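Just so you know, numbering that gives the first Met the number 0 puts 87 at position 88 of the sequence shown, and the rest follows in order with no gaps.
Even glycine gets a Cβ: it sits at the ideal position worked out from N, Cα and C.
Note that the coordinates shown come from a computational prediction; the quantities given were computed from them, not determined experimentally.
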Amino acid sequence: MDFSFSEETGLLGLFAAAFVAATLLPLSSEVVLLGFLKFHPNAAVNAIALATLGNTLGGMTSYAIGRLVPQPRKLGQLDRVRRFGAPILALAWLPVVGDALCVAAGWLRLNWVAVTIFQALGRLARYAAVVWLAAPALGVA
């Protein structure tokens, strides 16, 4: 069975996987990123950039949902976001907790530019670390 795919197709799939992984659907975009790099090790910069963009846009989708859906009475992440503000969104990449942080930021109507920046920085750092750790095994330059 041949699983080869073009770099463009792979990047599109990576973007989509990263977007979906940042919503409430359970998906590991890191696995997709590493799988892509196994076939296209010289495209690490583009892969990290598109994964970060897709994951950030997915997080902003959760933020938008938080702005549109009525706020519940109690949510643990709501207090954290209220206490730390937009910088806590640098942890939006964390499984389960990150989704709640994004939605809570929407409920609290935090500045969307600051939320986007902090999310993107945290997600970029995570993807860069994953690639850096796996680079020797994948032959990433």
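message: Taking the alpha-carbon of L56 as reference, which of K37, L67 and R122 has the nearest alpha-carbon?
response: Reading the sequence shown from its first residue, position 57 is the one you call residue 56. It is R122 whose Cα lies nearest to the Cα of L56.
message: Could you tell me the alpha carbon to alpha carbon distance between A119 and P135, rounded to whole angstroms?
response: As a working mapping, residue 119 is identified with position 120 in the sequence shown. As a working mapping, residue 135 is identified with position 136 in the sequence shown. The straight-line gap from Cα to Cα measures roughly 25 Å.
field: Secondary structure of P25, DSSP reduced to three states
entry: Taking the first residue of the sequence shown as position 1, residue 25 is located at position 26. Coil.
query: Buried or exposed: which applies to L24, given that a residue is buried once 16 or more other Cβ atoms fall within 10 Å of its Cβ?
result: The sequence position of residue 24 within the sequence shown is 25, counting from 1. So L24 counts as exposed.
- prompt: At what residue ranges does the region 23-73 contain a whole run of the alpha helix (DSSP H), taking only runs of 4 or more?
  reply: Runs found: 28-38 and 43-67.
- request: Assign E7 to one of two classes, buried (16 or more other C-beta atoms within 10 Å of its C-beta) or exposed (fewer than that).
  value: Indexing the sequence shown from 1 puts residue 7 at position 8. By the beta-carbon neighbour count (other beta carbons within 10 angstroms, threshold 16), E7 is exposed.
query: Excluding the five sequence neighbours on either side, which residues of its own chain have a C-beta within less than 6 Å of the C-beta of W92, listed in chain order?
result: Counting from one through the sequence shown, the residue named residue 92 turns up at place 93. Counting only Cβ-Cβ distances below 6 Å, and skipping sequence neighbours, we find G121, R122 and R125.
message: Classify L145: buried if its beta carbon has 16 or more other beta carbons within 10 angstroms, exposed otherwise.
response: Absent from the model: residue 145. The displayed extent of the chain is 0 to 140, so no value can be given.
field: Pair within 8 Å by beta-carbon distance, A156 and A50
entry: This structure does not reach residue 156, given that the chain is present from 0 up to 140, and the question cannot be answered.
task: Would you tell me roughly how many angstroms separate the C-alpha atoms of R81 and F38, rounded to the nearest one?
output: If you number the sequence shown from 1, residue 81 lands on position 82. If you number the sequence shown from 1, residue 38 lands on position 39. Taking C-alpha positions only, R81 is separated from F38 by approximately 43 Å.
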